[in-house]
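Take 4 as the starting number for the sequence shown in the numbering used here and just add one per residue.
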Amino acid sequence: MVNLGTKIRELKERQEKAILGGGKKAIAKQIAMGKLPVRDRINVLLDEGSFHEYDLFIAHDAREFGMDGKELPGDGVVIGTGTIHGRSVAIYAQDFTVAGGSLGSMHARKIVKMMDYALRMRIPLIGINDSGGARIQEGVNSLAGYGEIFFRNTLASGVIPQISVILGPCAGGAVYSPALTDYVFVVENISKMFITGPEVIKSVLGEEISMEELGGARVHSEITGNAHFYALTEQECFQQIKTLLSYIPWNNDKHSLHLIEEKQPLKKYNIEKIVPVDPTKPYDVRDIIRAVVDGSEFFEVQEKWAANIVTGYGRMGGRTVGFVANQPLVMAGVLDCDSSDKAARFIRFCDAFNIPIVTMEDMPGYLPGIDQEHAGVIRHGAKVLYAYSEATVPRITIILRKAYGGGYIAMNSRHLRADFVFAWPTAEIAVMGPEGAANIIFRKEITEAPDPEATRKQKVEEYKEKFSNPYVAAAKGYIDSVIEPKDTRKFILHAINVSKDKHVGRPSKKHGIPPF
Ligand code: HXC
């Protein structure tokens, strides 16, 4: 006799079979590579016991190339909802043990269901990618699936945070969806991203390269900038995602979590001792950030790429703040193509998600050189100007030391509508450094002098005296206050509080055309 118990037993049997994915052997192979099984990944990332899975019994309808009758449990992807920090998220995770996590039409339909859900419910979307790309046997239906995903990635951009985790060899379409999302996480030895793999490269171009050298975690964290966070293990990666989600809001209508408990910065970051007065001496600007943020906790974004600019999150008075800072430790903190891209993207994320931006400035300008000019530093550099000018969130600048030329304007100057600009007494705001400036404007006097070297030194000093300080800009009102370094946190906190309800408009338009 059929009763409820029988029905439940049948359900359980079906569930157990589906959950095995590609089978025990295939799962063991993944584990041996340091990879967690697909549902373990989800369960480690989400709050314990919060995951609810959907579409477990979906079946593909492909018939060609031996697909007829071939079972692909869940069609190679697990989808569902759960919570992180007690708040809802939508998630999908591809299962490499089932046809290499390749994307067929039903697989795509499952992902799209979660994307639509996330957008409708205004909750973050997390995608764990572990896939050989478009399922070759399903032809154009796979490509159509990717198209649907890319379209939704774009639709959701700036509305809900979209997070991509690369946990396997991801090829073709499997890397383009992550490229359209806000944050990409990679793990050493596990993550690979490329449009075409080593085999295709060898057959088309005759070039030989390993998967790791072509698109491993380090390549994308240090060289291409395609990844934003790098971890040594999957567990570390999931912890990073949770940390990121503690800083950013759940959607563009919300503000980030406001932690009531305000922590003072640690005493070991003594702000008066970090910056050498000699403008040629480097220091780590992250220590300045740590000296002003709550608990000295700074969560850096794209730490390993374009390190001449620092981007990341901290809290001030319990509220999330996005930091953009020149890094004098790397290439004197100049702006170049990559650092401009990095800063501009970060600024646009903060602006889309209501996160105030604090800019720390100490830099000699845009990087000169044939390589940079030919790489398009004009176009890339313009992205910083565009991103700041467009941003309507509260914007605060602290000029620590050098603010020369285009760098002065680009790094959230008053002229690009910064709300507050503060300068330390050590600030030098000028068209260029005193040496370069004196050589140009006093060239004739220097070359014609009886002692050119002595005259040059004297002119450099003259220029320094007149322009290498914050007071010329202060006299024009371009900066609001010259402040003592020890008061930096106080001034930023006050500025953020004052700007809490900031409201400014921009001319009505369909959208702008940033220098992509
Ligand atoms: C169907 C696939 C597949 C795919 C892998 N598999 N990729 N099946 N379509 N795209 C299957 C394999 O046949 C194999 O099945 C199983 O998954 C595991 O794959 P392996 O090759 O054994 O694994 P590994 O050696 O680790 O190599 C992983 C890989 C490689 C680097 C991802 O499989 C690979 O190069 N795949 C093809 C990548 C690719 O070119 N994709 C199409 C991109 S075009 P069995 O049954 O043997 O276990 C694309 C278009 C979208 O995505 C573009 C949008 C702009």
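For every residue, glycine included, the Cβ atom is placed at its ideal position computed from N, Cα and C.
By the neighbour-count criterion, in which 16 or more other beta carbons inside 10 Å mark a residue as buried, Val203 falls on the exposed side.
Between the region 57-71 and the region 135-146 there are three or more C-beta pairs closer than 8 angstroms, enough to call the two in contact.
The C-beta of Asn329 has 16 or more other C-beta atoms within 10 Å across all chains shown, which makes the residue buried. Proximity of the beta carbon of Gly72 to the ligand HXC is not indicated: no heavy atom of the ligand is located closer than 7 angstroms. Within the region 65-144, the runs of beta strand (DSSP E) at least 3 residues long that lie entirely inside it are, in chain order, 80-87, 90-97, 128-132. Secondary structure in the region 303-357: the beta strand (DSSP E) runs of 3 residues or longer, each lying completely within the stretch, are 312-319, 322-329 in chain order. For the region 373-459, the full-length beta strand (DSSP E) segments reaching 3 residues or more read 398-407, 423-426, 431-433 along the chain. Taking 8 angstroms as the cut-off, the Cβ atoms of Lys113 and Val80 count as close. A distance below 8 angstroms separates the beta carbons of Pro268 and Val296.
Looking only at Ser180, Asn254, Val143, the smallest Cα-Cα distance to Arg155 is reached by Ser180. With fewer than 16 other Cβ atoms inside 10 Å of its own Cβ, Pro517 counts as exposed. It is roughly 32 angstroms from the alpha-carbon of Val424 to the alpha-carbon of Ser224. No residue range can be given for Met4, since it is assigned to no beta strand (DSSP E) and is classified by DSSP as neither H nor E. Within 7 angstroms of the C-beta of Arg398 there is not a single heavy atom belonging to the ligand HXC. Listed in chain order, the non-local C-beta contacts of Gly408 below 6 angstroms within the same chain comprise Gly368, Val434, Met435, local neighbours out to five positions each way being set aside. Remark: three or more beta-carbon pairs, one from each stretch, lie closer than 8 angstroms, so the region 85-99 and the region 115-134 are flagged as touching. Between Leu128 and Leu59, the alpha-carbon positions lie close to 19 angstroms from each other. For Val162, the secondary structure class from DSSP, reduced to helix, strand or coil, is coil. Judged by pairs of C-beta atoms under 8 angstroms, the region 346-361 touches the region 309-325, as three or more such pairs exist. DSSP places Ile291 inside the alpha helix (DSSP H), whose first and last residues are 288-295. Minimum Cα-Cα distance from Ala62 among the listed residues Leu49, Leu106, Ile87 corresponds to Leu106. A distance of 8 angstroms or more separates the beta carbons of Ile358 and Leu248. For Ala102, the number of other beta carbons within 10 angstroms of its own is at least 16, and it is reported as buried. Contact annotation: the region 378-389 does not touch the region 455-467, with fewer than three C-beta pairs closer than 8 angstroms.
The nearest non-hydrogen atom of the ligand HXC is less than 7 angstroms from the C-beta of Ile139.
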